[in-house]
Amino acid sequence: MINLRNVRKFYGALEVIKGVDITVEDGEFAVFVGPSGCGKSTLLRMIAGLEGIDEGDLILNGKRINDVPPDKRGIAMVFQSYALYPHMSVAENIGFSLSLKKVPEAEIRRQVEAVAEILQLTDYLDRRPAALSGGQRQRVAIGRAIIKKPALILFDEPLSNLDSALRVQMRAELQRLHRELKATVVYVTHDQVEAMTMADRIVVLNKGFVAQEGAPMSLYHQPDNEFVATFIGSPKMNVIPVTATRASAGTLRLASPIGLSLDLADASGAVPQGEAKLGIRPEHLKIAPEGQGNFTAEVVIVERLGVETYMTVGSQEQPIVVRAEGDIAVRPGDRVSLTADPVACHLFDSAGRVIRPVAA
Amino acid sequence: MTVVSPGETANKGRSDLIAYATLSLISIFCAVPFFWVLLASFDGNAQLFLHWPQQWTFANYVRVFTKEDGAKWLFNSLFVVGGATLLVMVLAGLGGYALSRTRAWWKLPFLYAILLIRVLPPTALVVPLYKFLLTLNNAEAAVLRPIFGSYARDIMRWTGFIDGYLGLILVLATMQLPLALWIMKTFFDGLPRDYEEAALMDGATLIQRIRRVLIPLALPGLAAAGLFAFMSAWGDFLLPLIFLSSPELQTLPLGLFRAFLRINEIDYGLLTALAFIYLLPAVVAFGFARRFLVQTFSGGVKG
Chain A
-14 MINLRNVRKF YGALEVIKGV DITVEDGEFA VFVGPSGCGK STLLRMIAGL
36 EGIDEGDLIL NGKRINDVPP DKRGIAMVFQ SYALYPHMSV AENIGFSLSL
86 KKVPEAEIRR QVEAVAEILQ LTDYLDRRPA ALSGGQRQRV AIGRAIIKKP
136 ALILFDEPLS NLDSALRVQM RAELQRLHRE LKATVVYVTH DQVEAMTMAD
186 RIVVLNKGFV AQEGAPMSLY HQPDNEFVAT FIGSPKMNVI PVTATRASAG
236 TLRLASPIGL SLDLADASGA VPQGEAKLGI RPEHLKIAPE GQGNFTAEVV
286 IVERLGVETY MTVGSQEQPI VVRAEGDIAV RPGDRVSLTA DPVACHLFDS
336 AGRVIRPVAA
Chain B
8 MTVVSPGETA NKGRSDLIAY ATLSLISIFC AVPFFWVLLA SFDGNAQLFL
58 HWPQQWTFAN YVRVFTKEDG AKWLFNSLFV VGGATLLVMV LAGLGGYALS
108 RTRAWWKLPF LYAILLIRVL PPTALVVPLY KFLLTLNNAE AAVLRPIFGS
158 YARDIMRWTG FIDGYLGLIL VLATMQLPLA LWIMKTFFDG LPRDYEEAAL
208 MDGATLIQRI RRVLIPLALP GLAAAGLFAF MSAWGDFLLP LIFLSSPELQ
258 TLPLGLFRAF LRINEIDYGL LTALAFIYLL PAVVAFGFAR RFLVQTFSGG
308 VKG
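Written as structure tokens, this is what we have:
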């Protein structure tokens, strides 16, 4: 189990990690995700020991390891560039850490072969990295990490150098490996799809803070703030500025300049009246019979994918993406009526914090 | 596909012909001196003008090594230039790494300042340099003479700053170091830190990181830097001329020059044999380093 307690990092006067608390349980696949510059790679390098920790505690299995050198932490890392030594064979690359520890040749060979077996690299052990495909290099990099039997494996955007087909395949392969090795993994990516598909726990980082952490689906369905709401999910959640007024006890009326009018159940009366933002995912907007929707808008772009269709409606300043099942007959220029599923609506205040509960 | 009329084809043929003829002429112009050197060096009766030898012979080469001090000149050249190259490679390897990785504010000013050394004509610095080395040399002699007595001169031949191997090696290395530092700095810039960090995480000590990761990775850059240093120092004539005076320390270009200056006889056979011997190490060095050169100047290490 790894604990980060109020961890901070400064570059000069600039604070890049602003007091982060994260816990990753044993055997968990945790993904740190966020836009570039959010501090996720810095955080990973701090766990690895490649960057110092200015404040707070880093605790691995009950032991504070802030000042333990990287190779003594029992942590392995897979680099974004893989960092395979081009002058060594695959076997030498995988066995490098053992050879540094002066483990006997025969024992190194045995362990390298065992790792190669797991990673399906047995036929490539004598090759140089330059003679391998992207996916094979990736596996060698993983092999170099797992041969150390680490308590924790760190991945720094490991799939970003692969093409999209290979990325999908490697995602599945990483999940399989994680299941087989029962390893604890911290994985950094900027790609929320990778995070959603692989993670047991996602930590969304923004500007050096943890924006939210939790299971993928809980982030998807119950985002704590506008940042997480729009970052998780593709295409991203529509956010529409609205004015909230109390229509009656238990009902909140949202109105927006684009002509939207929507009633939400609010039994508690917890939602303040005034300016707010309505968040609604593309799949929760439906085409309604004419005149019966919450608003009407002009279709600007239609993207047909066969199984589903994405429409962008509204103005350039306030585009709204709608997802419809199947291949529907809509053309740019058409006006459509749309209804929003009131149960799936999210409300955020002007600072972007979620306002709950909307429903009773 | 473009459509080409018969007339255009003929035109193209003619312009190709002109292009190839011009290129051939230029090539011949460039190659003739080398060809002359090669032919004349095996000619028993070599003349100033290019002609096919009537009798092929190794006599010119034999003369270089028996009648003249060719072997000594070759050794001196190889030792001095080789020593300077080695020194340059070590210093440029360490310095280039430091210059690549440091974020110090003086990095860029320093890099441009050292290029200045390269840009300044050495001839302009000869007088102060000579004076400086002479002072060092005298100081060294003052220390060595009381200790070693009559052996001091022999030691000074190796370690002296004037008329000694060490002085010339240092001066040659100094002249070559700026470019080598730039080459190595640029090379290390292209080498991701990930390699070192991966080694660090694998538990490699500083020495292990240098020996097992950095040196093998830097080899192409070191070869390029070493090659440039070697070729440039090998071709240097002025510095050995100024800093060496003992006959037993003469280098190949000095031997060649002095053979050419002899008053009564100009022995073209001997001169060309010497010239060919002088050419050979540069060509061999190039052959060795070519592989690394291509790698260095076409995008560094790919892993």
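First to last, the protein sequences are chains A and B. In terms of the working numbering, the first sequence is residues -14 to 345. In terms of the working numbering, the second sequence is residues 8 to 310. We put the beta carbon where it would ideally sit given N, CA and C, even for glycine.
Partners in chain B for residue i, counting only beta-carbon separations shorter than 7 Å
| i | result |
| --- | --- |
| A:Ala33 | Met208 |
| A:Met62 | Met208 |
| A:Ser66 | Pro199, Asp201 |
Best match in the options for proximity to residue i [C-alpha to C-alpha]
| i | options | result |
| --- | --- | --- |
| B:Ile217 | B:Asn18, B:Gly210, B:Glu203, B:Ile154 | B:Glu203 |
| B:Phe49 | B:Leu277, B:Gly294, B:Leu286, B:Ala289 | B:Leu277 |
| A:Lys25 | A:Gln105, A:Asp6, A:Thr174 | A:Thr174 |
| A:Ile286 | A:Glu275, A:Pro304, A:Ile132 | A:Pro304 |
| A:Gly244 | A:Val321, A:Leu144, A:Asp11 | A:Val321 |
| B:Leu207 | A:Thr107, A:Val53, A:Ser219 | A:Val53 |
| A:Val256 | A:Glu268, A:Arg238, A:Thr297, A:His269 | A:Arg238 |
| A:Glu288 | A:Ala282, A:Thr281, A:Met296 | A:Met296 |
| A:Val349 | A:Ala282, A:Thr182, A:Ile313 | Missing from the structure shown is residue 349 of chain A; chain A here goes from -14 to 345 and no further. |
| A:Leu247 | A:Asp185, A:Val328, A:Val171, A:Pro201 | A:Val328 |
| A:Ser149 | A:Ala136, A:Ile340, A:Ala168, A:Val178 | A:Val178 |
| A:Glu211 | A:Leu(-1), A:Lys134, A:Asp176, A:Leu263 | A:Leu263 |
| A:Lys221 | A:Ser233, A:Ala336, A:Ser74, A:Val307 | A:Val307 |
| A:Lys133 | B:Ser239, B:Leu179, B:Leu226, B:Ala205 | B:Ala205 |
| A:Val339 | A:Ser145, A:Gly41, A:Ala261 | A:Ala261 |
| B:Thr109 | B:Gly156, B:Thr193, B:Val220 | B:Thr193 |
Residue i classed as buried or exposed, judged by whether at least 16 other C-beta atoms fall within 10 angstroms
| i | result |
| --- | --- |
| B:Thr92 | buried |
| A:Phe(-5) | exposed |
| A:Leu45 | buried |
| B:Val126 | exposed |
| A:Gln105 | exposed |
| B:Phe168 | buried |
| A:His206 | exposed |
| B:Glu147 | buried |
| B:Lys74 | exposed |
| A:Arg164 | exposed |
| A:Val298 | buried |
| B:Ala35 | A quick correction: the sequence has Ile, not Ala, at residue 35 of chain B. So B:Ile35 ends up on the exposed side. |
| B:Phe82 | exposed |
| B:Phe293 | exposed |
| B:Ile284 | buried |
| B:Gly306 | Reliability of the predicted coordinates at B:Gly306 is poor, the pLDDT of 47 falling under 50, and no value is obtained from them. |
| A:Thr169 | buried |
| A:Arg58 | buried |
Where residue i sits in the DSSP three-state scheme
| i | result |
| --- | --- |
| B:Val87 | helix |
| A:Gln277 | coil |
| A:Ile243 | coil |
| B:Trp43 | helix |
| A:Ile44 | strand |
| B:Ile270 | coil |
| B:Asp201 | helix |
| A:Leu249 | strand |
| A:Lys360 | The first residue shown for chain A is -14 and the last is 345, placing residue 360 of chain A beyond what the model contains. |
| A:Asp141 | strand |
| A:Tyr67 | coil |
| A:Asn(-9) | strand |
| A:Glu354 | In the structure displayed, chain A extends from -14 to 345; residue 354 of chain A sits before or after that span and is not available. |
| A:Ile217 | coil |
| B:Ala280 | helix |
| A:Gln303 | coil |
| B:Gln61 | coil |
| A:Val292 | coil |
| B:Gly310 | Since pLDDT at B:Gly310 reaches only 37, below the 50 mark, its modelled position is unreliable, and the value read off the structure follows with that caveat. In the structure shown, B:Gly310 sits in coil (DSSP, three-state: anything other than H, G, I, E or B). |
| B:Lys138 | helix |
| B:Asp161 | helix |
| B:Glu255 | helix |
Chain-ordered chain A contacts of residue i [CB-CB under 9 Å]
| i | result |
| --- | --- |
| B:Leu224 | Tyr70, Pro71, His72 |
| B:Ala211 | Asp56, Phe81, Ser82, Leu85 |
Residues that residue i contacts on chain A, provided the C-beta gap is smaller than 7 Å
| i | result |
| --- | --- |
| B:Phe220 | It should be noted that the sequence gives Val, not Phe, for residue 220 of chain B. The contacting residues are Tyr70. |
| B:Ala205 | Phe64, Ala68 |
| B:Gln215 | Leu85 |
In DSSP terms, what residue i is bridged to
| i | result |
| --- | --- |
| A:Leu323 | A:Ile272, A:Phe280 |
| A:Ile286 | A:Thr297 |
| B:Lys114 | DSSP, once it has assigned bridges, lists no residue as partnering B:Lys114. |
| A:Lys262 | A:Pro226, A:Phe333 |
| A:Ile187 | A:Val16, A:Gly199 |
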